[in-house]
Amino acid sequence: MRRVLSPDPETTAALGARVASLLFEGAVVLLSGDLGAGKTCFSQGLARGLGVVGTVQSPTFVLVMEYPEARVPLRHADLYRLDRAEEAVALGIEERVGYDGAWVIEWSDRFPQLWPDDRLELRFAHAELGRVIEAVATGPKHAPLLDAFGAAS
Ligand SMILES: Nc1ncnc2c1ncn2[C@@H]1O[C@H](COP(=O)(O)OP(=O)(O)OP(=O)(O)O)[C@@H](O)[C@H]1O
Ligand SMILES: [Mg+2]
6 MRRVLSPDPE
16 TTAALGARVA
26 SLLFEGAVVL
36 LSGDLGAGKT
46 CFSQGLARGL
56 GVVGTVQSPT
66 FVLVMEYPEA
76 RVPLRHADLY
86 RLDRAEEAVA
96 LGIEERVGYD
106 GAWVIEWSDR
116 FPQLWPDDRL
126 ELRFAHAELG
136 RVIEAVATGP
146 KHAPLLDAFG
156 AAS
């Protein structure tokens, strides 16, 4: 597990861009943490790092934003407003994640049963001096993405 302190939004976005540089087709990046903890900020940096130039808005209301122009086609989801796992399944999320481009998913912890075994999990939390981000890779495909978070701790 890697734990990093991010003192400001710029640092959180830069971490997203570092993950982006290692991102691959089929990557699954799961984000959890309280309201305002930095999940969208991280996702915006990740999208920028993949070459997305336009606005990267929070997908809170649209559920999934797609960026086919990215270096790896990017899908940015926010499941906060979904009530039940059946709704996520109905959206086709379960069958697309892990295959159809790279996915970064806010509030993924609401539906833990939907995700592939091999993924990068990031937990965001408010801290006295900014935000703390804990990163775990659950399989060999995503293990290299931990390098973006620096030395192990
Ligand atoms: N170190 C930091 N990293 C990220 N954001 C920070 C940091 N310090 C302050 N902020 C501020 O906290 C807010 C984070 O908002 P953001 O939308 O990224 O959170 P979120 O986790 O996506 O919330 P939600 O659950 O509502 O989607 C922004 O207003 C940002 O400017
Ligand atoms: Mg958000």
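Letter by letter, the sequence shown follows residues 6 to 158 of this note's numbering. Beta carbons are placed, not taken as given, at the ideal position from N, Cα and C, and that holds for glycine. Computed from a predicted structure; not experimentally measured.
message: Measuring only from the beta carbon, is Asp-122 closer than 7 Å to any heavy atom that is part of ligand 2?
response: Within 7 Å of the C-beta of Asp-122 there is not a single heavy atom belonging to ligand 2.
- request: Note down the Cα distance separating Arg-136 from Asp-114, rounded to an integer number of angstroms.
  value: Cα to Cα, the separation comes out at about 18 Å.
query: Does the stretch 49–60 come close enough to the stretch 121–139 to have 3 or more Cβ pairs within less than 8 Å?
result: Not touching, per the Cβ criterion.
field: Start-to-end residues for the beta strand (DSSP E) that takes in Gly-135
entry: Taken as a continuous stretch (DSSP letters only), the beta strand (DSSP E) holding Gly-135 covers 135–142.
- prompt: Going by other Cβ atoms of all chains shown within 10 Å of its Cβ, with 16 needed for buried, is Glu-111 buried or exposed?
  reply: A residue is called buried once 16 or more other Cβ atoms fall within 10 Å of its Cβ, and Glu-111 is buried on that count.
query: Taking 7 Å as the cut-off, is the CB of Ser-113 close to at least one heavy atom of ligand 2?
result: No.
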